[in-house]
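Colleague: Next up is a structure, given as structure tokens.
Protein chains: 2
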Amino acid sequence: MNVSFEDLHKAFENRVRLGIMSALAVNDSLDFTSLKEFLEVTDGNLATHIKKLEQEGFVEVEKSFIDNKPNTSYSMTQTGKKAFEEHLAVLEQIIKSQQ
Amino acid sequence: MNVSFEDLHKAFENRVRLGIMSALAVNDSLDFTSLKEFLEVTDGNLATHIKKLEQEGFVEVEKSFIDNKPNTSYSMTQTGKKAFEEHLAVLEQIIKSQQ
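Same order as they appear, the protein sequences are chains A and B. Note that the working numbering has the first sequence beginning at 135, numbered continuously upward. Note that the working numbering has the second sequence beginning at 135, numbered continuously upward.
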């Protein structure tokens, strides 16, 4: 078995963070409520994990107004995209090593 | 995207624990030194993570003597095997959702 476990990113180990990245990888941007409903997590839990991904430079936040209401949306950075692809590649190696 | 993130097992989030399970899934049993060398981790780090997997009932320990020297070997339990397969199935869903 030849799997580079050290290439797994610690930032993506947590399942909520893995979920955020998965959702943002297939959507250009998502607002807080959409992410929350998709992942079925609490506001506090989602906020904590988004903050962590922001700090890592993997997710960026855009604040705007939609119909005069404040809206916060999240998207993946290029760094985040690259790191997430590397992470998934290792997970894929792990799965293949078991087949 | 239809992925059951809640079916990911928290016990397998950590990459060392994911590594231990991956190694034990393809080897009937492995001793401490083999696991340590395979995962390139310290004794303390490996011991901590094996203990956690033991506590979850996913890994079992067998102590014996080989050539009069004490030997500790680890193997996956049936519960561990089932849980790990479920975990990998969700990871596979995530990867497929990105393709």
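Cβ atoms here follow ideal geometry from the backbone N, Cα and C, with glycine treated the same way.
Can you give the beta carbon distance from A/E147 to B/N148, rounded, assuming they're within the 8 Å contact cut?
Modeller: Right, their Cβ atoms sit about 6 Å apart.
Colleague: Just the C-alpha distance for B/V193 and B/S209, rounded to the nearest angstrom, thanks.
Modeller: Distance between the alpha carbons of B/V193 and B/S209 is about 6 Å.
Colleague: Against A/Q232, what residues of chain B qualify as contacts under a CB-to-CB distance less than 9 Å, listed in chain order?
Modeller: Those are S156, A159, V160, F218, E219 and L222, listed as they occur along chain B.
Colleague: Would you decide whether A/F199 is buried or exposed? Buried here means 16 or more other CB atoms lie within 10 Å of its CB.
Modeller: Under this definition A/F199 is an exposed residue.
Colleague: Do B/L222 and A/I229 have their C-beta atoms within less than 7 Å of each other?
Modeller: Going by C-beta atoms, B/L222 is nearer than 7 Å to A/I229.
Colleague: Starting from B/N148, find everything on chain A with Cβ-Cβ shorter than 7 Å and list it in chain order.
Modeller: Going along chain A in sequence order, the residues near B/N148 (Cβ under 7 Å) are E147.
Colleague: For a minimum of 4 consecutive residues, which ranges assigned as the alpha helix (DSSP H) are wholly contained in the region 173-197 of chain B?
Modeller: List check, alpha helix (DSSP H) in window: 177-189.
Colleague: Check the Cβ-Cβ distances between B/L180 and every residue of chain A, and say whether any is below 7 Å.
Modeller: It does not: the Cβ of B/L180 has no partner Cβ on chain A nearer than 7 Å.
Colleague: Since B/F235 meets chain A, which of its residues come closer than 7 Å, beta carbon to beta carbon?
Modeller: As shown, chain B starts at 135 and ends at 233. That puts residue 235 of chain B outside it, with no answer to give.
Colleague: Measuring straight from C-alpha to C-alpha, what distance separates B/R151 and A/L225?
Modeller: C-alpha separation (whole angstroms): 13 Å.
Colleague: Taking 7 Å as the CB-CB limit, is B/G214 close to chain A?
Modeller: So, not an interface residue.
Colleague: Indicate whether B/A145 and B/E190 have their beta-carbon atoms separated by less than 7 Å.
Modeller: Yes, they are a contact pair.
Colleague: Quick check on the burial criterion: 16 or more other C-beta atoms within 10 angstroms. Buried or exposed for B/G153?
Modeller: So B/G153 ends up on the buried side.
Colleague: Once the 5 residues before and after B/N205 are set aside, which same chain residues still bring their CB inside 7 Å of it?
Modeller: Same-chain partners within the cutoff: D165, S198 and F199.
Colleague: So the candidates are A/D162, A/E171 and A/M155; which of them puts its Cα closest to the Cα of A/L187?
Modeller: Residue A/M155 is the option with its Cα nearest to A/L187.
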